[in-house]
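Each residue of the sequence shown is one higher than the last, beginning at 0 in numbering that gives the first Met the number 0. Idealized CB from N, CA, C, for every residue including glycine.
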Amino acid sequence: MTAVLSSLPPWLQRGLADLFPAAVAQEAGLDPDQTLAARLAEAEAAGRPLRVKLGIDPTGSDIHLGHSILFRKLRAFQDAGHTAVLIIGDFTARIGDPTGKSTTRVQLSAAEVEAHAETYLVQLGLGQDPGRALLDFHTPGRLEVRRNSEWLAGLNLPQVIELLGITTVGQMLAKEDFANRYGSGTPISLHEFLYPLLQGYDSVAVQADLELGGTDQKFNVAMGRDLQRHFGQRPQFGMLLPILPGLDGVQKMSKSLGNTVGLAEDPLSMYSKLEKVPDVVVDEYLTLLTDLDLAVLPANPRERQKLMALELTRARHGVAAAAAAQVDAAALVAGAAGAGAAAAEVPETSLVAVNFPAKAFYLLAAVGICASSSEARRQIQGGGVKLDGEKLVDPNQEFASAAELHGKVLQLGKKTFRRLLAG
Numbered sequence: 000m001t002a003v004l005s006s007l008p009p010w011l012q013r014g015l016a017d018l019f020p021a022a023v024a025q026e027a028g029l030d031p032d033q034t035l036a037a038r039l040a041e042a043e044a045a046g047r048p049l050r051v052k053l054g055i056d057p058t059g060s061d062i063h064l065g066h067s068i069l070f071r072k073l074r075a076f077q078d079a080g081h082t083a084v085l086i087i088g089d090f091t092a093r094i095g096d097p098t099g100k101s102t103t104r105v106q107l108s109a110a111e112v113e114a115h116a117e118t119y120l121v122q123l124g125l126g127q128d129p130g131r132a133l134l135d136f137h138t139p140g141r142l143e144v145r146r147n148s149e150w151l152a153g154l155n156l157p158q159v160i161e162l163l164g165i166t167t168v169g170q171m172l173a174k175e176d177f178a179n180r181y182g183s184g185t186p187i188s189l190h191e192f193l194y195p196l197l198q199g200y201d202s203v204a205v206q207a208d209l210e211l212g213g214t215d216q217k218f219n220v221a222m223g224r225d226l227q228r229h230f231g232q233r234p235q236f237g238m239l240l241p242i243l244p245g246l247d248g249v250q251k252m253s254k255s256l257g258n259t260v261g262l263a264e265d266p267l268s269m270y271s272k273l274e275k276v277p278d279v280v281v282d283e284y285l286t287l288l289t290d291l292d293l294a295v296l297p298a299n300p301r302e303r304q305k306l307m308a309l310e311l312t313r314a315r316h317g318v319a320a321a322a323a324a325q326v327d328a329a330a331l332v333a334g335a336a337g338a339g340a341a342a343a344e345v346p347e348t349s350l351v352a353v354n355f356p357a358k359a360f361y362l363l364a365a366v367g368i369c370a371s372s373s374e375a376r377r378q379i380q381g382g383g384v385k386l387d388g389e390k391l392v393d394p395n396q397e398f399a400s401a402a403e404l405h406g407k408v409l410q411l412g413k414k415t416f417r418r419l420l421a422g
């Protein structure tokens, strides 16, 4: 792999976990179907941009930093003059990718998927400041946004049978997630076997030269190569990128685990979360989420951590907002009742919908700081909640009115802050 990487430009090498096929030039005789460097050279000589595919299934409404690793690499291809083919899996999302799942996914409606797709595109940069957009929506020829219902919704039964005939049950059960479920006796619905085939057919439909995916997507990306061969196309390359650890530094970043940083989060929340990332994963965040040269960054772990948080916040919100978030975070952690904290640009939340008198545990759930009243009770009892710098110790502490709380800062841990407004 080292020899293969050395043949690629630095912007392609950064953060790369796997590339296939990965023959070296001497072995492949500069075959452009075996070495990506040769495919790139061939495309440049012909004046043809590569078609780089990335598929996303809009099964939720938010994109987090873990997702952004793939989009950053896709943007790097755009900046190098290639065409990003972003596939919105509006059809496949209704099946649900079985990768990493121990049970069958709940199927979504077409309306739910489309609503999520629209929020995804905005978070990726549609209609946003081009300087802070993850993808280039503005330069002609650099981006195609396709929905895979264009070709998948019209497949007839003979075509579906043809797809099913390309692979075997044994090959499907070689996929780790299916193998684990089959071995444990957990049901596998037949429609789930279709998912890798349909995702692979996307590569045929858009004639992809290369597909990006996380390291958990190798089976699906390889399926695209098999289907392209079957339909007489040149097989795509598969480029896999690492799965980002979450804020806990251990498990993968996942909304279900509550360890994410969303792209749409406000500057203060984003910075406050990132500056608490464990030291052990700071360099991984820097490598995968920034273009900074790690060799010239401060050696001190705390300074490196703060610089990473500042850079990621700047990339999403701009220099001024990131700098203000850093100052405000320091003021709030030092003591939310102080003058500095009073002037801090803390995200605001209205108390209009809260029914008073309100107990502390209910308040935290009602303003969205905690997902439920039971979680709020646990957080208060664990000493993780402050109101204007004073620790809340009784989940049943009662507040008589919104006016009593107006302007005060509610704090959960060292990462989440909300200024309460009566109106």
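Quick one: what's got a C-beta closer than 7 Å to residue i's C-beta in the same chain, skipping five residues either side?
i: Phe-136; result: Gly-124, Leu-125, Leu-142
i: Ser-372; result: Phe-360, Tyr-361, Ala-364
i: Ala-152; result: Phe-90
i: Glu-113; result: Asp-89
i: Arg-74; result: Leu-133, Leu-134, Asp-135
Got a sec, what are the start and stop residues for the alpha helix (DSSP H) residue i sits in?
i: Met-269; result: 266-273
i: Phe-192; result: 189-205
i: Leu-409; result: Run containing Leu-409: none in the alpha helix (DSSP H); it sits in the beta strand (DSSP E), 408-411.
i: Gly-182; result: 175-183
i: Val-84; result: Unbroken run through Val-84 is the beta strand (DSSP E), 82-87; no alpha helix (DSSP H).
i: Lys-217; result: 217-229
i: Val-168; result: 168-172
i: Ala-92; result: No alpha helix (DSSP H) contains Ala-92, which DSSP labels as neither H nor E.
i: Phe-76; result: 64-78
i: Ala-44; result: 35-45
i: Arg-376; result: 372-380
In terms of residue numbering, what span does the beta strand (DSSP E) encompassing residue i cover?
i: Ile-368; result: Where Ile-368 is concerned, there is no enclosing beta strand (DSSP E), given that its DSSP letter is neither H nor E.
i: Arg-417; result: 415-420
i: Thr-348; result: 347-349
i: Phe-19; result: 17-19
i: Leu-154; result: Taken as a continuous stretch (DSSP letters only), Leu-154 belongs to no beta strand (DSSP E), as it is neither H nor E.
i: Ile-242; result: First-last for Ile-242: undefined, no H or E at that position.
i: Thr-118; result: Run containing Thr-118: none in the beta strand (DSSP E); it sits in the alpha helix (DSSP H), 109-123.
i: Gly-212; result: 209-213
i: Gly-54; result: 50-55
i: Lys-385; result: 384-386
i: Val-144; result: 142-146
With 16 as the cutoff for other CB atoms within 10 Å, does residue i come out buried or exposed?
i: Leu-288; result: buried
i: Gly-65; result: buried
i: Gly-212; result: buried
i: Ser-202; result: buried
i: Thr-214; result: exposed
i: Lys-52; result: buried
i: Val-392; result: exposed
i: Arg-131; result: exposed
i: Arg-180; result: buried
i: Val-121; result: exposed
i: His-115; result: buried
i: Gly-140; result: exposed
i: Thr-415; result: buried
i: Thr-312; result: buried
i: Asn-147; result: buried
i: Arg-224; result: buried
i: Gly-237; result: buried
i: Gly-184; result: exposed
i: Arg-228; result: exposed
i: Ser-400; result: exposed
Looking only at its own chain, which residues have a Cβ that is under 6 Å from the Cβ of residue i, when we skip the five neighbours before and after it?
i: Gly-339; result: In this prediction, Gly-339 scores a pLDDT of 48, lower than 50, which makes its location untrustworthy; the coordinate-derived value is nonetheless stated afterwards. The answer, listed in chain order, is Ala-330.
i: Thr-348; result: Val-366, Arg-417
i: Lys-174; result: Phe-218
i: Pro-57; result: Ala-92, Val-112, His-115, Ala-116, Tyr-119
i: Thr-259; result: His-63, Met-252
i: Ala-204; result: Trp-150
Kindly indicate which residue of the options has the alpha-carbon position closest to the one of residue i.
i: Ser-108; options: Trp-150, Pro-266, Phe-90; result: Phe-90
i: Asp-265; options: Leu-39, Gly-169, His-63; result: His-63
i: Glu-111; options: Ser-6, Leu-420, Gly-59, Gln-77; result: Gly-59
i: Pro-129; options: Tyr-200, Ala-298, Arg-315; result: Arg-315
i: Asp-278; options: Ala-79, Ile-86, Pro-244, Phe-192; result: Pro-244
i: Gly-199; options: Asn-179, Gln-235, Leu-156; result: Gln-235
i: Pro-356; options: Ala-322, Glu-403, Arg-313, Pro-20; result: Glu-403
i: Thr-34; options: Ala-324, Asp-208, Leu-311; result: Asp-208
i: Gln-380; options: Lys-275, Asp-387, Pro-394; result: Pro-394
i: Ile-68; options: His-190, Leu-15, Arg-50; result: Leu-15
i: Leu-196; options: Leu-246, Gln-170, Thr-185, Leu-163; result: Leu-163
i: Leu-246; options: Lys-407, Met-269, Leu-226; result: Met-269
i: Glu-397; options: Asn-354, Gly-46, Pro-346, Ser-188; result: Asn-354
i: Pro-20; options: Val-220, Leu-154, Leu-285, Ala-45; result: Val-220
Which residues in the same chain have their Cβ closer than 8 Å to the Cβ of residue i, if we skip the five residues on either side of it in sequence?
i: Ala-79; result: Pro-8, Trp-10
i: Gly-383; result: Leu-411, Gly-412
i: Leu-172; result: Ala-178, Tyr-181
How about residue i: is its Cβ closer than 6 Å to a heavy atom in the ligand GTP?
i: Asp-61; result: For the structure depicted, the ligand GTP is absent and the ligand set is empty, with no information on it obtainable.
Residue ranges of each alpha helix (DSSP H) within the region 271-303, 4 or longer: 278-288
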